[in-house]
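Undergrad: Take a look at this one; I'll ask things after.
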Amino acid sequence: MLDLRRLSIHQVTLLRQCTTPQFVAALTRNGVPCTSLWRDKTLEYGVEKTARIVADNGIALSGYCFAGLITSPDRDEAAKARDEVRRALDEAAAVKAPCLVFVAGGIDPRDKNIADARARAVDGIAELIPHARSVGVRIALEPLHPMICATRSVLSTVKLANDWCDRLGAEDIVAIAVDTYAVWWDPEIEDEIARAGKRICSFHVSDWLADTQDLRLDRGMMGDGVIDLPALRRMVEAAGYDGYVEVEIFSQRNWWQRDPDEVIGVIKDRVRTAV
Ligand code: ZN
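Numbering (this note's numbering), first residue to last: 1 to 275.
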């Protein structure tokens, strides 16, 4: 059973119902100790104000989500995208998040060479490392499900994330976020999580609904789908991960329609019974 002191609820889980102050109040009211902030919401409310309200309420941060999308084949576009990541790293440092969730970027119709897109992503990350080090925020490479490879991320597996980490050789600052929704299907997942070991800085849970209606915005509550979450949790813990279990549910048709206290109540129940 998960100790609720290890529970983090990602801000996106209550994206539609709550402003940042309402969200922080809901966490505090329900005794949830930690969150991962959604960048758009932080920018909307203000970085300094967000940092203050989170700290004043004693809420810890498990991450800052997200930035990246640096795979453009156009040099200027790619440089601008890297600058945007640097700004996001600064914001993550300001709100005292330990890591920035990094989404690599997809394939550009102007350039259908996926190997090149992946190479540009790795080179781009290498350029971001000095800035990440200077602000003390880890870049958390988050593999995403291959169904969104075209639009969001050419980084599709934990194996690839490990390969990129090997190439980058910056174990102090480049890490891996394991999102169960993105990697549960992978036949190599157990070996690659073991290989990742201490690189794992973040563990995200939700469920894959058997009748999913939308690849991004129809994530399920833990226990409602087909992912063996306890098995994945055992794998990351066997690899040495003992940090927060972060609930991250994008759910247009269901959980975004519900009362925040009801959603948090179900989460607290499910992390104990289904994770
Ligand atoms: Zn995630």
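For every residue, glycine included, the Cβ atom is placed at its ideal position computed from N, Cα and C. These figures come from a predicted structure and were not determined experimentally.
1) Where does Ala170 fall in DSSP's three states?
2) Ignore the nearest five residues each way along the sequence and tell me which others in Leu144's own chain have a CB closer than 6 angstroms to its CB.
3) How far does the beta strand (DSSP E) with His204 in it extend, from its first residue to its last?
4) If you follow the alpha helix (DSSP H) that Phe23 is in, where does it begin and where does it stop?
5) Tell me, please, whether the segment 217-227 touches the segment 192-203 by the rule of three or more beta-carbon pairs shorter than 8 angstroms.
6) Just to confirm the assignment, what range does the alpha helix (DSSP H) spanning Ala92 have?
7) In three-state DSSP terms, what is Ser251?
8) With H, G and I counted as helix, E and B as strand and the rest as coil, what does DSSP make of His145?
9) Please write down, chain order preserved, every residue whose beta carbon lies under 5 angstroms from a heavy atom of ligand 1.
10) By Cβ distance, which residues of its chain are closer than 7 angstroms to Arg167, with the 5 residues on each side in sequence left out?
11) Going by C-alpha distance, which of Met235, Leu37 and Ala238 is nearest Ser8?
12) Based on DSSP bridge pairs, tell me the residues matched to His10.
13) From what residue to what residue does the beta strand (DSSP E) around Leu100 run?
14) Using beta-carbon positions only, say whether Leu128 and Ile139 come within less than 8 angstroms of one another.
15) Who pairs with Leu61 in a beta bridge, going by DSSP?
16) If you draw a straight line from the alpha carbon of Lys268 to that of Asn254, how long is it in whole angstroms?
17) Would the beta-carbon of Ala97 fall within 8 angstroms of that of Gly63?
18) What number of angstroms, rounded off, separates the C-alpha of Asp56 from the C-alpha of Tyr45?
19) Here's the rule I'm using: 16 or more other beta-carbon atoms within 10 Å means buried, otherwise exposed. How should Trp185 be labelled?
20) Kindly identify the DSSP beta-bridge partner or partners of Glu246.
21) Give me the DSSP bridge partner(s) of Asp111.
22) What do you get for Pro130, buried or exposed, if any count of 16 or more other CB atoms within 10 angstroms of its CB means buried?
TA: Looking at the atomic coordinates:
1) The residue given as residue 170 occupies position 170 in the sequence shown. Reduced to three states, the DSSP call for Ala170 is coil.
2) Indexing the sequence shown from 1 puts residue 144 at position 144. So the qualifying residues of the chain are Arg152, Ser153 and Ala182.
3) As a position in the sequence shown, residue 204 is number 204, starting the count at 1. Ile200 to Val205 is the span of the beta strand (DSSP E), which, as asked, contains His204.
4) The count along the sequence shown starts at 1 and reaches residue 23 at position 23. Element bounds for Phe23: Thr20 to Arg29.
5) no
6) To locate residue 92, count along the sequence shown from 1; it is residue 92. Counting along the chain, the alpha helix (DSSP H) containing Ala92 begins and ends at Arg75 to Ala94.
7) Along the sequence shown, read from residue 1 onward, the residue named residue 251 stands at position 251. If DSSP states are grouped into helix, strand and coil, Ser251 belongs with the strands.
8) For the purposes of this step, residue 145 is identified with residue 145 of the sequence shown, where counting begins at 1. The answer is coil: DSSP assigns His145 none of H, G, I, E or B.
9) Asp179, His204 and Glu248
10) Here residue 167 is taken as the residue at index 167 of the sequence shown, counted from 1. Same-chain partners within the cutoff: Val122.
11) To locate residue 8, count along the sequence shown from 1; it is residue 8. Ranked by how close their Cα comes to the Cα of Ser8, the residues Met235, Leu37 and Ala238 have Leu37 in first place.
12) The residue labelled residue 10 in the question sits at position 10 within the sequence shown. Ser36, per the DSSP bridge assignment.
13) Taking the sequence shown and counting its residues from 1, the one referred to as residue 100 is at position 100. Run containing Leu100: Cys99 to Val103, per the beta strand (DSSP E) assignment.
14) Walking along the sequence shown from the start, residue 128 turns up at place 128. Walking along the sequence shown from the start, residue 139 turns up at place 139. Against a cut-off of 8 angstroms, the Cβ pair of Ile139 and Leu128 comes out as a contact.
15) Locating residue 61 in the sequence shown gives position 61, where the first residue counts as 1. Leu61 is bridged to Thr35.
16) On the sequence shown, residue 268 is found 268 positions in, with the first residue counted as 1. On the sequence shown, residue 254 is found 254 positions in, with the first residue counted as 1. Lys268 and Asn254: Cα-Cα distance of roughly 17 angstroms.
17) Position 97 of the sequence shown, counted from the start, is the residue given in the question as residue 97. Position 63 of the sequence shown, counted from the start, is the residue given in the question as residue 63. Closer than 8 angstroms, so yes.
18) The sequence position of residue 56 within the sequence shown is 56, counting from 1. The sequence position of residue 45 within the sequence shown is 45, counting from 1. Approximately 16 angstroms between the Cα atoms of the pair.
19) Your numbering for residue 185 matches position 185 in the sequence shown. By the neighbour-count rule (16 or more Cβ atoms within 10 Å), Trp185 is not buried but exposed.
20) By 1-based counting over the sequence shown, the position of residue 246 is 246. Checking the DSSP bridge columns, you'll see Glu246 partnered with Ser8 and His204.
21) The residue given as residue 111 occupies position 111 in the sequence shown. The partner list for Asp111 (beta bridge, DSSP) reads Asp108.
22) Numbered from its first residue, the sequence shown carries residue 130 at position 130. Pro130 should be labelled exposed.
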